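Quick note, the sequence shown lines up with residues 441 to 617 if you use the working numbering. All remarks here apply to the structure that follows.
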Amino acid sequence: MRPIELFNHDVNQSDPTRFERWTDYRNQITSFIDDHTDGHVFSHLLVVGAGNCDDLDLSYLMRKFKKITLMDIDLEAMQKGLKTYHLDEKDIELIQKEFTGFDESGFFESLIDDLFQIDDGDKLIEYLNQKVKRALHVPIFKSHHQPYDFILVSPIYTQLVFHQIQNVSNELSFITH
Ligand SMILES: C[S@@+](CC[C@H](N)C(=O)[O-])C[C@H]1O[C@@H](n2cnc3c(N)ncnc32)[C@H](O)[C@@H]1O
């Protein structure tokens, strides 16, 4: 597994009680979707950041939408989510996708070694700018560009690469002390 997949895979596996604990939260999301789809026919649902599907009632969604696509970096988590609902990949399409471009552009590859070699602030900024620029040029959704009727974005914004960057910074401070 590549760094971002491995990181999220470990996080997604770290709490086996979450499906149970999130029952109320999952029901609230179901009600939210129900309220916003009432009276309309939506054929294709895309869920961004589906993970273990702990916050998704897939049985309900299967009744509500004709086709469902789940997207996440962690394919195993989505497969596990399907199993929870006794579904498989014939029922729901799974797409393994990294959303930031940091993976495909190799942002974390040799990052710590490189940062350790840089001893000048301007060079550091230039180095990081180049890395981010490369990531920004990765076309994230181009290969899956198709019309979806309803797109549900799971709370991924607090996760996207932030914790990995924190890990790098912890590792650097560990090395330098
Ligand atoms: C807090 S979870 C959302 C809850 C999830 N729907 C569940 O029920 O397990 C965030 C999800 O975002 C995914 N994720 C985090 N960073 C990602 C990235 N850079 N690219 C793609 N998926 C990412 C993780 O794998 C995780 O499944």
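For each residue, glycine too, the CB sits at the ideal point set by N, CA and C. Since the structure is predicted, the reported quantities are computational estimates derived from the model, not experimental observations.
(message) Give me the pocket residues for ligand 3, defined as CB within less than 5 Å of any heavy atom, sorted by chain position.
(response) This structure lacks ligand 3; the ligands present are ligand 1.
(message) What would DSSP say about His484, mapped onto helix, strand or coil?
(response) As a working note, residue 484 is residue 44 in the sequence shown. His484 falls in the strand class under three-state DSSP.
(message) Whole angstroms are fine: how far does the CA of Ile513 sit from the CA of Ile596?
(response) Against the sequence shown, residue 596 aligns to sequence position 156. Against the sequence shown, residue 513 aligns to sequence position 73. Cα atoms of Ile596 and Ile513: separation of roughly 11 Å, rounded to the nearest angstrom.
(message) For Lys507, report the span of its alpha helix (DSSP H) as first-last.
(response) Along the sequence shown, read from residue 1 onward, the residue named residue 507 stands at position 67. Counting along the chain, no alpha helix (DSSP H) covers Lys507; the unbroken beta strand (DSSP E) around it starts and ends at 507–512.
(request) Using the Cα positions of Asp495 and Ile469, report the straight-line distance between them to the nearest angstrom. (result) Residue mapping note: residue 495 aligns to position 55 of the sequence shown, counting from 1. Residue mapping note: residue 469 aligns to position 29 of the sequence shown, counting from 1. So the alpha carbons of these two residues sit roughly 7 Å apart.
(message) Based on DSSP bridge pairs, tell me the residues matched to Gln536.
(response) For the purposes of this step, residue 536 is taken as the residue at position 96 of the sequence shown. The partner list for Gln536 (beta bridge, DSSP) reads Asp512.
(request) Helix, strand or coil for Leu612, going by three-state DSSP, please let me know. (result) The residue you call residue 612 lines up with position 172 of the sequence shown. If DSSP states are grouped into helix, strand and coil, Leu612 belongs with the helices.
(message) At 3 residues or longer, what runs of the beta strand (DSSP E) sit wholly inside the region 564–611?
(response) Runs of beta strand (DSSP E) with 3 or more residues, each lying fully within the region 564–611, are found at 590–593, listed in chain order.
(request) Please go through the same chain and pick out, in chain order, the residues whose beta-carbon is closer than 8 Å to the beta-carbon of Val608, but skip the five residues on each side of it. (result) By 1-based counting over the sequence shown, the position of residue 608 is 168. Answer for Val608: Phe548, Leu551, Ile552, Leu555, listed in chain order.
(message) Using 8 Å for Cβ pairs, my map puts Leu485 next to Phe505. What's the rounded Cβ distance?
(response) Here residue 485 refers to the residue found at position 45 when the sequence shown is read from its first residue. Here residue 505 refers to the residue found at position 65 when the sequence shown is read from its first residue. Rounded, the Cβ-Cβ distance is 4 Å, consistent with contact.
(request) Output the boundary residues of the alpha helix (DSSP H) element that contains Lys504. (result) As a working note, residue 504 is residue 64 in the sequence shown. It spans 498–504 - the alpha helix (DSSP H) in which Lys504 sits, taken as one unbroken run.
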